[in-house]
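Comments concern the structure below.
What follows is the structure in structure tokens.
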């Protein structure tokens, strides 16, 4: 199903999958169903069911196993993984969902992360960048023309989120201890990684922009070279799948 080096990426609008709600619910484990039931509103409960059911469905296709029979383990910060692989990651922003799955033969613990946001103006983006981004990133953000600031900020945010999701550390990994290229039209890449993080050097990572839908900003981070993202045709055809870095 997956070619060597190809990280398969699927995009879904959960609103378009609402008709599969009960089918996906039937795939969930008891603890997943309980977790979904704890959300306060029906909309949030349904999104949780659709996200997890979709993940199981896609992993079942990738592994040739029954989706309902997949058993997840969890890292120290709660990142789910399959002990026998493949490596995967899920990102969501309201109804927008991205799922990335590594190809057969990739290490089961391959550091792999995705993130997605809707293109919008973020209030106090400059203050957030100054407080949380690396100094070089904040300087680059301030140098971007005003008309491109929203894109620049979300470029930085999604690329950094993809990196911290890849290593499973979540926000316990300080965002100012590594830097990404955020200037629009410049190729995405990791510029600097503090060696004390123990995550290798910047050149040890591959970083990609994803364009799964109009007015969406998304990124894929994966440790190592030779990887590239490939948008899966299962959920929604998209003409421009990615921009390699």
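Residue numbers (the working numbering): 60 to 304.
Cβ atoms here follow ideal geometry from the backbone N, Cα and C, with glycine treated the same way.
Since the model is a prediction, treat every value here as computed from it, not as a measurement.
Residue i burial status per 10 Å Cβ neighbour count (16 or more: buried)
| i | result |
| --- | --- |
| residue 201 | exposed |
| residue 284 | exposed |
| residue 213 | buried |
| residue 256 | exposed |
| residue 153 | exposed |
| residue 275 | buried |
| residue 63 | exposed |
| residue 247 | buried |
| residue 231 | exposed |
| residue 155 | buried |
| residue 299 | Any reading at residue 299 needs caution, since the residue's pLDDT is 33, under 50, leaving its predicted position unreliable; the model's value is listed next. Burial call: exposed. |
| residue 103 | exposed |
CB-CB length for residue i against residue j, believed under 8 Å
| i | j | result |
| --- | --- | --- |
| residue 316 | residue 196 | In the structure as shown, the chain starts at 60 and stops at 304, and residue 316 therefore has no counterpart that could be examined. |
| residue 158 | residue 114 | 6 Å |
| residue 69 | residue 291 | 4 Å |
| residue 161 | residue 145 | 5 Å |
| residue 289 | residue 65 | 4 Å |
Residues that residue i bridges to, as DSSP identifies them
| i | result |
| --- | --- |
| residue 277 | 175 and 269 |
| residue 288 | 66 |
| residue 228 | Answer by DSSP bridge pairing: none, since residue 228 is not bridged. |
| residue 160 | 67 and 147 |
Residue j beta carbon less than 8 Å from that of residue i
| i | j | result |
| --- | --- | --- |
| residue 211 | residue 282 | no |
| residue 112 | residue 94 | no |
| residue 277 | residue 151 | no |
| residue 280 | residue 172 | yes |
| residue 234 | residue 267 | no |
| residue 142 | residue 167 | yes |
Span separating the alpha-carbon of residue i from that of residue j
| i | j | result |
| --- | --- | --- |
| residue 89 | residue 78 | 22 Å |
| residue 164 | residue 178 | 35 Å |
| residue 258 | residue 131 | 24 Å |
| residue 270 | residue 123 | 28 Å |
| residue 236 | residue 110 | 31 Å |
| residue 186 | residue 249 | 22 Å |
| residue 169 | residue 228 | 14 Å |
| residue 67 | residue 97 | 31 Å |
| residue 223 | residue 80 | 30 Å |
| residue 106 | residue 73 | 7 Å |
| residue 108 | residue 219 | 27 Å |
| residue 252 | residue 193 | 10 Å |
| residue 148 | residue 82 | 22 Å |
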